[in-house]
Each structure stands twice: as C-alpha cells, then as structure tokens.
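A.B. asks: Under the working numbering, the sequence shown has 72 at position 71, and the numbering climbs by one with no breaks. Even glycine gets a Cβ: it sits at the ideal position worked out from N, Cα and C. Below is a structure I'd like to ask you about.
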Amino acid sequence: PRTTTPQDTSLTEVPDPENPDEEEEQEEETLVVNEGPVGMISIFNRSRDLGLADGEQYGDKPDSYFLKHRPAYQEGRLWLAWTLIKRDKLEEAQLILEDMRNDRGTLADIREQALAVQAFLYIESNNPNAAIPYLKEAAQASNKRQQRARYWFIVGQLHQDLGERALAAEAFNEVVGARPEYELQLAAALNLAQNDFMSGNGDAETALNRLDRMRREDKNAPYESQIYYAMANVALRSNDQAAGIDYLKRL
Numbered sequence: 002p003r004t005t006t007p008q009d010t011s012l013t014e015v016p017d018p019e020n021p022d023e024e025e026e027q028e029e030e031t032l033v034v035n036e037g038p039v040g041m042i043s044i045f046n047r048s049r050d051l052g053l054a055d056g057e058q059y060g061d062k063p064d065s066y067f068l069k070h071r072p073a074y075q076e077g078r079l080w081l082a083w084t085l086i087k088r089d090k091l092e093e094a095q096l097i098l099e100d101m102r103n104d105r106g107t108l109a110d111i112r113e114q115a116l117a118v119q120a121f122l123y124i125e126s127n128n129p130n131a132a133i134p135y136l137k138e139a140a141q142a143s144n145k146r147q148q149r150a151r152y153w154f155i156v157g158q159l160h161q162d163l164g165e166r167a168l169a170a171e172a173f174n175e176v177v178g179a180r181p182e183y184e185l186q187l188a189a190a191l192n193l194a195q196n197d198f199m200s201g202n203g204d205a206e207t208a209l210n211r212l213d214r215m216r217r218e219d220k221n222a223p224y225e226s227q228i229y230y231a232m233a234n235v236a237l238r239s240n241d242q243a244a245g246i247d248y249l250k251r252l
C-alpha cells in the first residue's frame, strides 16, 4: 500500500477535460498531490490551450487552419489520444502516440506531454512497470521544475505500489531536488520519512521522530493533519494501535 497522505488519490483519477470553468489558481493548488498523471497534462483543461475560441470544439476549423497552426494541431492529436484512452480504445491511442513520438516535427513540449500520456495509457492498462520509463523520460525532457517534480512524484507512487521502496525513495528525492512548490515537496518528504520503516530498513520510532520534527516546524502548521495521518500510518503498521488511534484523533 502507498504511504502518501489523505490528499493523495488514485493514480488514474483525472479532472474532467470538458469543464473549462475551473479557476486556474484553484487548479494549481489541487494538481500538486490530488491528481494522477493527467493532472500533469494541463493542456487538456481549457479550449484556449488548443488554440480554439471559448466553446469552440476541436475539428470546427478547416484543415488549412491546422497546417498553419501546428501547435494547436499537435495538441489536438494529443487530446484525441487521451480521449481514446478514457474510452478504453487503447490500441487506437497507442498508434497516435507512437506516431507523435516518432515524428521529428513534433514540438518538444508536445513530445514531453505525449510521453506522459503514454505513461497514463500503461497505468490505465494496469502495467505500471511500463509506465515508469515514460514518466522518467518526460521528467528529463521537462524544463519546468513543478512539472518535472510531478512526474517524479508519480514515479515514486508507482514504485511504492510495486513494493520497490528503494526506487521510490530515489524518485521522491528527485521531487525534493526539483524544488517545486512547497506542498509537493512536503508530500515527497512525508513519503521519505516513512519509506525506510516501510521497507524494513528503519524502525517506527525513527520514522515517528522524523515526522514529529516536521510537525513542529512553523512552516508545516497548515499541514499538521497530514503529518498526523502519516504518523498514524506508521504507528498502526508497527502494531501500536493505541498510538495510531491517538494520532488519528488529532486530525
């Protein structure tokens, strides 16, 4: 089981791409740990990201439009691949993604996002081992540290799910090293604090002391409940039911 906090949700939960009314500021706050791989692909959240007017649907423009506006055309193909995945038409999506990756004309940022969508396809196929290399490649291709950290965070989650704690720790250290927004750094740090204990390379007391030091830092006051939840997780896994229940009561 994963050692993330209650804010973390299933890797395959995604925002509704047809809901353009979300405030951008609110989205940035929730993408950090609440969303899965498609949370990384923010081009899918607004029609303007496809170069379209508000309310206009992809495909309304003549073919010549897309020849003159290659970024919008490529993003449209990426959208199509993502939609096919959500409709469980994985083979069709795979053909599009392979074509985009092999096409030398694919723009660098679109190629990066295509790698992330490819990872999402494998996650939807219950094949996390295949997804991990694509997320790592997307992280290496990204020049945005917040985006790069999101890719690595999901890599860490996948390794945790596979029971590969050492590899999970490497991924979460990459998150911290990318220096993203603090909420994502904290989520990675919480995982790292629990990781040694969960892997059998450390004891519960050490993990709890590390988490408690984090809890007492002033900057972590807004996240106290998340830290208590992580502490409860460690206590319960070490068969200390009383301590686990006490931490949960403090949430």
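State the CB to CB distance for the pair Ser269 and Leu252, rounded to an integer number of angstroms; the pair is presumed to be in contact (CB under 8 Å).
C.D. replies: A query on residue 269 cannot be resolved here, the shown segment of the chain reaching from 2 to 252 and no further.
A.B. asks: To test your reading of the DSSP string, which unbroken beta strand (DSSP E) runs of 3 or more residues are found completely within the region 87-148?
C.D. replies: Within the region 87-148, no complete beta strand (DSSP E) run reaches 3 residues.
A.B. asks: So, are the CB atoms of Tyr152 and Ala194 less than 8 Å apart?
C.D. replies: One-based indexing of the sequence shown puts residue 152 at position 151. One-based indexing of the sequence shown puts residue 194 at position 193. Cβ distance not < 8 Å, so Tyr152 and Ala194 don't count as in contact.
A.B. asks: So is Glu206 buried or exposed if we call it buried at 16+ other beta carbons inside 10 Å?
C.D. replies: For the purposes of this step, residue 206 is taken as the residue at position 205 of the sequence shown. Label assigned to Glu206: exposed.
A.B. asks: Grab the span of the alpha helix (DSSP H) containing Leu191 for me, first residue to last.
C.D. replies: The residue given as residue 191 occupies position 190 in the sequence shown. 183-200 is the span of the alpha helix (DSSP H), which, as asked, contains Leu191.
A.B. asks: Please state if the CB of Leu185 and the CB of Ile258 are separated by a distance shorter than 8 Å.
C.D. replies: As shown, the chain starts at 2 and ends at 252. That puts residue 258 outside it, with no answer to give.
A.B. asks: Among the residues of its own chain, which have a CB less than 7 Å from the CB of Gly203, if the five just before and after it don't count?
C.D. replies: Counting from one through the sequence shown, the residue named residue 203 turns up at place 202. Taken in chain order, the residues that qualify are Asp197.
A.B. asks: Terminal residues of the continuous alpha helix (DSSP H) containing Arg211?
C.D. replies: Stepping through the sequence shown from its first residue, residue 211 is reached at position 210. Residues 205-216.
A.B. asks: Once DSSP output is grouped into helix, strand and coil, what is the label at Leu252?
C.D. replies: Position 251 of the sequence shown holds residue 252. Leu252: coil per DSSP, three-state reduction.
A.B. asks: Classify Leu187: buried if its beta carbon has 16 or more other beta carbons within 10 angstroms, exposed otherwise.
C.D. replies: For the purposes of this step, residue 187 is identified with residue 186 of the sequence shown, where counting begins at 1. The residue is buried, with at least 16 neighbouring Cβ atoms inside 10 Å.
A.B. asks: Among residues of its own chain, excluding the 5 on either side of Phe154, which ones have a beta-carbon nearer than 8 Å to its beta-carbon?
C.D. replies: In the sequence shown, the residue the question calls residue 154 occupies position 153. Cβ neighbours of Phe154 beyond the five flanking positions: Val34, Ala172, Phe173, Val176, Leu185, Ala188, Ala189.
A.B. asks: If we ignore side chains and look at the alpha-carbon of each, how far apart do Arg216 and Met232 end up?
C.D. replies: By one-based count along the sequence shown, residue 216 stands at place 215. By one-based count along the sequence shown, residue 232 stands at place 231. Going by the C-alpha atoms only, they are around 10 Å apart.
A.B. asks: For Leu81, which residues from the same chain have a beta carbon less than 7 Å from its beta carbon, with the 5 sequence-adjacent residues on both sides left out?
C.D. replies: Taking the sequence shown and counting its residues from 1, the one referred to as residue 81 is at position 80. Once the five neighbours on either side are set aside, the close Cβ partners of Leu81 are Ile97.
A.B. asks: Taking DSSP as the reference, what is the three-state secondary structure of Asp162?
C.D. replies: Looking up residue 162 in the sequence shown gives position 161. It is helical.
A.B. asks: Helix, strand or coil, according to DSSP, for Arg180 in the structure here?
C.D. replies: What you label residue 180 is simply residue 179 of the sequence shown in a count that begins at 1. Coil.
A.B. asks: Is it right to say Arg88 is buried, meaning 16 or more other beta carbons lie within 10 angstroms of its own, or is it exposed?
C.D. replies: For this step, residue 88 is matched to residue 87 along the sequence shown. So Arg88 ends up on the exposed side.
A.B. asks: Would you say Ala222 faces chain D, with C-beta separation under 8 Å as the test?
C.D. replies: Protein chain content of the structure displayed is limited to a single chain, and chain D is not contained in it.
A.B. asks: Between the beta-carbon of Arg146 and the beta-carbon of Ala140, is there less than 8 Å?
C.D. replies: Position 145 of the sequence shown, counted from the start, is the residue given in the question as residue 146. Position 139 of the sequence shown, counted from the start, is the residue given in the question as residue 140. Contact: no.
A.B. asks: Since Asp162 and Pro134 should fall inside the 8 Å C-beta cutoff, what is the C-beta to C-beta distance between them, to a whole number of angstroms?
C.D. replies: Taking the sequence shown and counting its residues from 1, the one referred to as residue 162 is at position 161. Taking the sequence shown and counting its residues from 1, the one referred to as residue 134 is at position 133. The Cβ separation is near 16 Å, so there is no contact.
A.B. asks: Report the residue from Met199, Leu249, Asn144 whose alpha carbon sits nearest the alpha carbon of Arg180.
C.D. replies: Position 179 of the sequence shown holds residue 180. Answer by Cα proximity: Asn144.
A.B. asks: For Asn240, does the three-state DSSP call read helix, strand or coil?
C.D. replies: Translated into the one-based positions of the sequence shown, residue 240 becomes position 239. In the structure shown, Asn240 sits in coil (DSSP, three-state: anything other than H, G, I, E or B).
A.B. asks: Relative to the alpha-carbon of Glu93, which residue among Leu122, Leu108, Gln114, Gln75 has its alpha-carbon at the smallest distance?
C.D. replies: Walking along the sequence shown from the start, residue 93 turns up at place 92. Of Leu122, Leu108, Gln114, Gln75, the residue nearest in Cα terms is Leu122.
A.B. asks: Could you work out which residue in Asn221, Glu113, Asp247 is closest to Leu136 when comparing CA atoms only?
C.D. replies: The count along the sequence shown starts at 1 and reaches residue 136 at position 135. Here the closest residue by C-alpha is Glu113.
A.B. asks: Identify whether Ala233 lies in helix, strand or coil by the three-state DSSP scheme.
C.D. replies: The residue labelled residue 233 in the question sits at position 232 within the sequence shown. It is helical.
A.B. asks: Rounded to the nearest angstrom, what separates Asn103 and Ile86 at their Cα positions?
C.D. replies: To locate residue 103, count along the sequence shown from 1; it is residue 102. To locate residue 86, count along the sequence shown from 1; it is residue 85. C-alpha separation (whole angstroms): 19 Å.
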